[in-house]
Amino acid sequence: MKTLVANWKMHVGIRESAALARAALLALRGRAHAPDVVVCPPFTALADVHKIVARSHVAVGAQDLFWEETGAFTGEISPRMVAETGAAYAIVGHSERRRLFGETDETVGKKTAAALAHRLTPVVCVGETAEERAAGRTEAVIGRQLRAAFASAALHEGSRVLIAYEPVWAIGSGHPASPQDAVAAHAFLRRVFRDEVKGGGRAREGVLYGGSVDADNAFALLREDEIDGILIGGASLNAAQFTAIVAAAGDVLEGLASRS
Ligand code: PEP
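Be aware that the sequence shown starts at -5, since it is given in our numbering, and climbs by one per residue.
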């Protein structure tokens, strides 16, 4: 299966989120081979978007959450509140949150654990900066981020987690990682997750790529077996682009079905 996660960030309000959600439903309509789609609107639109996509193959995710369940935490949104909207996923550790809002490996770990405890599928973002990449530190950085994200997480039998490899230099830059570089990073992250995080447990992981994916490069990334899906920022705000990415994923899935 291939999974597409659309991160609409703070670009859209309730009405625009509803329109994008309807466009996502249309993009999937009538497709014999369709990817799983998760749309992540701002908190304020979660419940409305969930109503629109209920009983479809489109799921809803939050862009962040706090780790406590209730309490005096002005401005925060708890995992229980996210789940209450009907959302089933939560992005954690996005590089914008790490860079702009002081998120650390430790807070990402608390959020991942809290999401899993509330049966939300975390979409854990990891990625190196351009400087770290130039210094040959990609694996050291993303390995550290991944281990920290799951340091206190309780993975259940049926837990599903998504790990998004999002090189910071590729986000919003128009310069995605090459499929070969993404595959190498994904293979490394999968190995770390399987050997050091999941141990003997039965949790299932998907490793997504994110960073400047658009309708032109989605197929080349998605056709790689190591790439279980993509996290899409800018291109997910354009219904035509997003529809073309859904079609690219459908083509890859059709190819996979004819291979088996
Ligand atoms: C992102 O912000 O997670 C992202 C992948 O953005 P973009 O697709 O715009 O690079």
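Ideal Cβ placement from N, Cα and C applies to all residues, glycine included.
Keep in mind it's a predicted model, so treat the numbers as computed, not measured.
Sequence-distant residues of the same chain with beta carbon closer than 8 Å to residue i, five excluded per side
i	result
Ala73	The identity of residue 73 in the sequence shown is Pro, whereas the question assumes Ala. Closer than 8 Å at the Cβ level, and outside the excluded window around Pro73, lie Leu59, Phe60, Trp61, Glu63, Ala84, Ala108, Ala109, Ala111, His112 and Leu114.
Val47	Ala15, Ala18, Leu19, Val33, Ala53 and Val54
Proximity test, residue i beta-carbon vs the ligand PEP heavy atom, cut-off 8 Å
i	result
Ile165	yes
Ala229	yes
Gly204	yes
His5	no
Leu94	no
Glu90	yes
Val120	no
Ile136	no
Ile226	yes
Glu97	no
Close beta carbons around residue i, own chain, < 7 Å, minus the five adjacent residues each side
i	result
Thr132	Glu122, Glu126 and Ala179
Arg198	Arg154
Spatially closest choice to residue i from the options, by CA coordinates
i	options	result
Phe37	Ala28, Ala77 and Ala21	Ala77
Leu14	Val33, Thr(-3) and Tyr159	Val33
Cys119	Val102, Ala39, Ala48 and Lys45	Val102
Ala82	Gly69, Val31, Ser89 and Phe95	Val31
Arg184	Gly166, Ala158 and Val162	Ala158
Phe144	Gly168, Pro161, Ala176 and Val86	Val86
Phe187	Ser230, Gly223 and Ala142	Ala142
Gly205	Gly152, Gly244, Gly194 and Asp175	Asp175
Val240	Pro116, Phe182 and Leu215	Leu215
Pro116	Val191, Ala242, Ala56 and Thr237	Ala56
Ile8	Lys(-4), Asp42 and Glu90	Asp42
Distance cut-off 8 Å: residue i Cβ against heavy atoms of the ligand FMN
i	result
Asn1	The ligand FMN is absent from the structure shown, which contains only the ligand PEP.
Residues near residue i by beta carbon distance below 6 Å, same chain, minus five either side
i	result
Val191	Phe144
Any alpha helix (DSSP H) of 4 or more consecutive residues that is wholly inside the stretch 43 to 80: 73 to 78
Those runs of the alpha helix (DSSP H) which lie wholly inside the stretch 190 to 241 and span at least 4 residues: 212 to 216
Length-filtered (3 minimum) beta strand (DSSP E) runs lying within the stretch 2 to 50: 30 to 34
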